[in-house]
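One structure below.
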DNA sequence: AAGTTTTACTTGTAAATACAAGTTATTTTC
DNA sequence: GAAAATAACTTGTATTTACAAGTAAAACTT
């Protein structure tokens with residue numbers, strides 16, 4: 061019995077469980093229904109269910125224990141793909157704001173761009189924007205984004221204020237981040253960065269250069285991120 | 061036909077292919093033998109072979125393409141789990157040196173340790189060491205390691221000079237790093253750090269606090285790492 | 001009552017089979 | 001010769017079946 065939308069069953073179940081975990085239907089430490097129960101619930105066979113669970117385990121949503129079951133694992137809150145862990149108190153989603161400094165517009169790619177570009181990317185031009193992200197009204201990230209202008213109609217006219225770039229790409233263009241690579245450095249704050257992040261010049265700033273892969277093989281997102289890590293740390297799993 | 065050593069077949073094939081990739085039998089961009097060929101070569105069925113390949117893809121060793129095959133993916137050179145990418149030239153393994161600053165010895169855990177500790181860990185005491193790691197004789201990492209003293213006989217008397225802690229744990233104790241979490245900050249160099257990393261006081265330094273999970277469920281490795289990122293960046297995939 | 005054994009349930013491993021879907025090279029047709 | 005159709009590959013999805021191995025609670029024994 062194949063689904064009408066021709067989306068694989070294992071992927072469908074993966075999305076259902078992932079949503080349930082994100083929305084708190086299953087909480088941290090909870091035991092997921094057993095594989096056989098999931099088979100009955102969703103009308104699949106065990107290998108199919110197991111494939112969903114394997115992907116979830118892989119993405120860190122659950123931890124499997126032989127003879128016991130699949131336990132929901134706590135995932136840190138994310139900002140984009142980065143995540144922030146406060147050193148003093150927990151961080152709520154609603155306190156996060158985004159302010160556009162330079163509106164998205166199309167420019168030619170910089171010479172000596174931080175990553176190597178394909179021919180198609182170079183030809184297509186670059187959608188450029190600068191954003192400042194605040195937590196509790198404290199500036200944390202200064203984010204410069206570069207996207208190749210490939211099949212992204214009307215993106216420069218969209219509303220980015222207080223919205224996630226990743227969510228917009230996902231909802232409107234069905235583009236999802238699959239992974240990527242990054243270089244991390246500690247650098248002294250430049251005049252511009254120190255002004256936006258409310259730091260003194262020369263104070264240590266975390267600098268990330270990232271290249272993100274999407275489900276669209278030729279399309280990558282690039283960003284150069286400057287982080288104020290005085291009060292918060294960047295949190296990550298590996 | 062079950063293997064004598066009772067190691068799962070899919071895991072066996074995974075290890076074989078991983079070694080072949082690491083040792084350069086298959087190079088970056090090469091096409092791995094097809095799933096059916098691997099079935100014949102190693103006397104397994106396709107689901108088993110596919111499980112090995114799925115794990116390899118997961119770990120980033122290969123990228124699978126439907127209708128095409130599994131392509132070997134380049135993995136950056138690693139130092140521990142961290143990896144370094146030079147901004148100017150490539151980095152060769154042999155230029156990497158480790159110097160012990162504080163020999164491994166057993167101490168009680170610090171009050172207010174950077175991560176929460178289990179009761180067992182607290183009782184067991186802590187194996188502590190400090191190491192300086194150099195690339196081309198330039199100090200890059202100052203690495204403070206903490207390991208719970210659980211089932212690690214004679215570890216304080218082992219030879220760590222110019223050897224990877226991870227390799228020692230793997231070879232002598234069958235402990236492998238499965239993953240972990242980390243917090244990253246940019247901080248000004250303290251007096252001690254600036255001396256070891258050949259920096260001026262107050263210069264930006266990358267600080268990582270990491271908790272690493274092992275195949276031994278109760279055993280974690282902790283480290284506090286200070287990186288000189290003037291010439292090199294920390295490279296990572298996500 | 002305390003410890004031991006058994007039982008039931010969990011996930012792990014593995015085979016055999018079938019067809020779908022994407023890629024590439026070959027063959028055919030014009 | 002060039003474009004189009006075909007064939008022969010590749011990986012992706014899914015079912016069915018069987019047993020192994022780890023966990024935890026129930027039943028049993030002492």
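Residue numbers (our numbering), protein chains in the order written: chain A, 61 to 298; chain B, 61 to 298. Ideal Cβ placement from N, Cα and C applies to all residues, glycine included.
Residue i versus residue j: straight-line alpha-carbon distance, rounded
i, j, result
"residue 90 of chain A", "residue 225 of chain B", "35 Å"
"residue 187 of chain A", "residue 157 of chain B", "43 Å"
"residue 108 of chain B", "residue 208 of chain A", "39 Å"
"residue 154 of chain A", "residue 197 of chain A", "Residue placement at residue 154 of chain A is poorly supported in this model, since its pLDDT is 44, which falls under 50; the coordinates are not used for a value here."
"residue 62 of chain A", "residue 104 of chain A", "Bear in mind that a pLDDT of 37 at residue 62 of chain A, under 50, signals an unreliable position, so the number given afterwards is only what the model happens to contain. Those two C-alpha atoms are separated by around 11 Å."
"residue 292 of chain B", "residue 99 of chain B", "43 Å"
"residue 278 of chain A", "residue 122 of chain A", "31 Å"
"residue 232 of chain A", "residue 68 of chain B", "44 Å"
"residue 86 of chain A", "residue 274 of chain B", "26 Å"
"residue 259 of chain A", "residue 255 of chain B", "25 Å"
"residue 253 of chain B", "residue 189 of chain B", "15 Å"
"residue 80 of chain A", "residue 235 of chain A", "22 Å"
"residue 168 of chain B", "residue 183 of chain B", "9 Å"
"residue 112 of chain B", "residue 237 of chain A", "24 Å"
"residue 77 of chain B", "residue 239 of chain B", "21 Å"
"residue 72 of chain A", "residue 201 of chain A", "34 Å"
"residue 245 of chain B", "residue 127 of chain B", "43 Å"
"residue 272 of chain A", "residue 95 of chain B", "29 Å"
"residue 191 of chain B", "residue 84 of chain B", "30 Å"
"residue 149 of chain A", "residue 172 of chain B", "The pLDDT assigned to residue 149 of chain A is 43, lower than 50, so where the model puts this residue is not dependable, and the model offers no usable value."
"residue 117 of chain B", "residue 185 of chain B", "38 Å"
"residue 70 of chain A", "residue 251 of chain B", "55 Å"
"residue 262 of chain B", "residue 247 of chain B", "8 Å"
"residue 174 of chain A", "residue 110 of chain B", "36 Å"
"residue 241 of chain B", "residue 97 of chain A", "32 Å"
Cβ neighbour criterion (16 or more within 10 Å) applied to residue i
i, result
"residue 161 of chain B", "exposed"
"residue 267 of chain A", "buried"
"residue 106 of chain B", "exposed"
"residue 281 of chain A", "buried"
"residue 125 of chain B", "exposed"
"residue 264 of chain B", "buried"
"residue 249 of chain A", "buried"
"residue 66 of chain A", "exposed"
"residue 101 of chain A", "exposed"
"residue 295 of chain A", "buried"
"residue 360 of chain B", "Residue 360 of chain B falls outside the range modelled here, since chain B spans only 61 to 298, and no answer is possible."
Nearest to residue i (by Cα), restricted to the options the options
i, options, result
"residue 289 of chain B", "A:198, A:193 and A:243", "A:243"
"residue 93 of chain B", "B:75, B:115, B:194 and B:129", "B:129"
"residue 82 of chain A", "A:132, A:292, A:118 and A:265", "A:132"
"residue 218 of chain A", "A:291, A:74 and A:165", "A:165"
"residue 228 of chain B", "B:241, B:240 and B:213", "B:213"
"residue 74 of chain B", "B:87, B:115, B:97 and B:102", "B:115"
"residue 159 of chain B", "B:113, B:255 and B:194", "B:194"
"residue 283 of chain A", "A:127, A:203, A:179 and A:102", "A:203"
"residue 179 of chain B", "B:200, B:201 and B:210", "B:210"
"residue 276 of chain B", "B:285, B:257, B:246 and B:181", "B:181"
"residue 88 of chain B", "B:170, B:120, B:269 and B:241", "B:120"
"residue 176 of chain B", "B:246, B:262, B:285 and B:269", "B:269"
"residue 170 of chain A", "A:191, A:206 and A:163", "A:206"
"residue 163 of chain A", "A:215, A:70 and A:118", "A:215"
"residue 199 of chain B", "B:257, B:110, B:97 and B:262", "B:257"
Per DSSP, cross-strand counterpart(s) of residue i
i, result
"residue 287 of chain B", "B:201 and B:266"
"residue 79 of chain A", "Paired residue(s): none; residue 79 of chain A is not in a bridge."
"residue 175 of chain A", "In DSSP, residue 175 of chain A forms no bridge with anything."
"residue 162 of chain A", "A:190"
"residue 250 of chain A", "None; residue 250 of chain A has no bridge partner."
"residue 243 of chain A", "A:269 and B:295"
"residue 208 of chain A", "A:186"
"residue 156 of chain A", "A:195"
"residue 91 of chain B", "B:131"
"residue 256 of chain B", "The partner list for residue 256 of chain B (beta bridge, DSSP) is empty, contrary to what the question assumes."
Near the ligand FMN: residue i beta-carbon under 7 Å from a heavy atom
i, result
"residue 253 of chain B", "In the structure shown, the ligand FMN is absent, as is every other ligand, since no ligand is present at all."
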